[in-house]
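Following: one structure in structure tokens, then a few remarks.
Numbering (this note's numbering), first residue to last: 23 to 581.
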């Protein structure tokens, strides 16, 4: 048996074990062991293997105008090999950094597979980025090649550097047309073995509080690590999986690449310029979506629509990115008869904690540790392990495969994140007697008011129970007596107008559902600043709050 065959079979055995026990959490955790091959290339050793003679649909894209793209596993394998051969002819080599800035289009998946086959290092980038962000990525990422949509080529006029430029979907001066790749040979021969520890991806994190970090993943940490993500979602061969995520962010690789194709499921995409819940539900019905993952922002918009128009709801529904509020979960349960299952992970890891199929669900909890992950809670002050509430961390004594190598080019930050034999997430959680973990908040988001610890997530969840609230974010506001009090920034649901009448209603709701020390004391109606990946930039809200606002309402004014 060759090393390549052995790696494929080792991966398949681990995958099949999780599929066999997809609703038996206890057995899955006890019996699962990570594949740890010395050599592994997911595109060659897994995707090409399952694609051989496979005419099932691997990728199905529906555009806003109704046009469709369908590619089988066999077609994706061949097309990616042609692209790999062509890119090699353009000078792409092993270890070269390739910045890929494409939308949800077939070329994105072709490029991902082709780069893996070449052992190049992909730097994913969302098309929403502008020249300033691109300069940072090209410079710090030491980019040698750029593959971008022709319509975005002009952005790179302001990005210095000697890098190959490849345009997709059109022509641009100085850019090579990607479409030439389809004339390249279909047979691909790798120019060497892929060490499992070779770098595969460099992710620039979304930077909610600081300059983006460069998260480095290997040929196993994401491809193999996302066996855990496949398990959390509950994917099976033949499923049709829809994940709403922007290319360029880790969740896209999680749930639009590795997890579904680990399971041999179809990746379904519906592209749109403006989110239309009714149209999305219609396309889900037509495509026969069996599993659906979306961030909380999308779920909050979906529940504003008539969910019952989807006659055949997905079998599995999950949420990730930020904790999902209980009120949203309940509305989906009433409409579809199924429960959204939360999961917790980061760009640095695969899914660490999740509610997988078959587990008892506890309201507000994001579940238990994923198979292959040993999760501990560290005392935020002393660092002592196994407290009831503390920083969520991964025990590295038996290092999970699904953890980053580190922060590329930043050994100090890597050492800090991995200190004491734990990977420290920077997130606070609490654990109950059954091992279920509930998210409390980012370590730097939790604050004290009148000497009581406040979790913004808990207050936001309470506010979202009111029909007037579409989105909410809570931060500390300076107060002479209490040092800090909770202030809520509110995005209103359709039909509600900002003003003192609505503020009074929401303060009354806060007094009804929250303990006195947790009550929202100040309120402002405003759009929420977000990263391009959709996460709320609380640092901007904290800074705005510290500066004061004439648009702020105070609870004491309504007594």
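C-beta atoms are modelled at their ideal positions from N, C-alpha and C, and glycine is treated no differently.
| Item | Value |
| --- | --- |
| Candidates 239, 368, 449: closest to residue 400 by CA position | 449 |
| Residue 506 - DSSP class collapsed to helix/strand/coil | strand |
| Extent of the continuous alpha helix (DSSP H) to which residue 551 belongs | No alpha helix (DSSP H) holds residue 551; DSSP gives it neither H nor E. |
| Nearest-angstrom Cα separation, counted from residue 438 out to residue 223 | 21 Å |
| For residue 61: DSSP bridge partner residues | 217 |
| Residues that residue 364 bridges to, as DSSP identifies them | 341 |
| For residue 369 and residue 272, believed in contact at Cβ under 8 Å, the rounded distance | 4 Å |
| Rounded distance between the beta-carbons of residue 204 and residue 169, thought under 8 Å | In fact, because the Cβ distance is near 15 Å, the residues do not count as touching under 8 Å. |
| Nearest-angstrom Cα separation, counted from residue 150 out to residue 231 | The pLDDT assigned to residue 231 is 46, lower than 50, so where the model puts this residue is not dependable; a value taken from the coordinates is nonetheless given after this. For residue 231 and residue 150, the distance between alpha carbons rounds to 19 Å. |
| Under the three-state DSSP convention, the category residue 230 falls into | Low local confidence applies: a pLDDT of 46 at residue 230 is under 50, so the model's placement there is unreliable, with the coordinate-based value given in what follows. Residue 230 falls in the coil class under three-state DSSP. |
| Coarse secondary structure for residue 353, derived from DSSP in three states | helix |
| Three-way DSSP call (helix, strand, coil) for residue 244 in this model | coil |
| Length-filtered (4 minimum) alpha helix (DSSP H) runs lying within the stretch 69-112 | 70-73, 95-111 |
| Local conformation of residue 406 per DSSP, three classes | coil |
| Residues that DSSP places opposite residue 167 in a beta bridge | 120, 186 |
| Supposed contact pair residue 494 and residue 482 - C-beta distance, whole angstroms, cut 8 Å | 5 Å |
| Separation of residue 191 from residue 156, as counted between CA atoms | 20 Å |
| Under 7 Å between C-beta atoms of residue 225 and residue 86 | no |
| Cross-strand partners of residue 399 (DSSP beta bridge) | 414 |
| CB-CB length for residue 206 against residue 104, believed under 8 Å | 4 Å |
| Closest by C-alpha distance to residue 189, when choosing among 328, 579, 267, 109 | 109 |
| Exposure of residue 308, with buried meaning 16 or more beta-carbon neighbours within 10 Å | exposed |
| Bounding residues of the alpha helix (DSSP H) (the contiguous stretch that carries residue 249) | 249-255 |
| Proximity winner among 187, 366, 167, relative to residue 176 (alpha-carbon distances) | 187 |
| Boundaries of the alpha helix (DSSP H) in which residue 158 is found, first to last residue | 153-162 |
| Own chain residues within Cβ distance below 8 Å of residue 409, not counting five before or after | 399, 400, 401 |
| For residue 531, the first and last residue of its enclosing alpha helix (DSSP H) | 522-535 |
| contact_flag[the stretch 375-385, the stretch 46-57] where n(CB pairs < 8 Å) is 3 or more | yes |
| First through last residue of the alpha helix (DSSP H) which encompasses residue 561 | 560-569 |
| Nearest-angstrom Cα separation, counted from residue 291 out to residue 563 | 33 Å |
| Cβ-Cβ distance between residue 133 and residue 71 below 7 Å | no |
| Distance CB(residue 383)-CB(residue 311) smaller than 7 Å | no |
| Reference residue 28; option with closest CA among 239, 423, 61 | 61 |
| Residue nearest to residue 458 in terms of C-alpha spacing, selected from 411, 514, 182 | 411 |
| Residue 546 (DSSP reduced to helix, strand or coil) | strand |
| Backbone CA spacing between residue 196 and residue 181 [nearest angstrom] | 14 Å |
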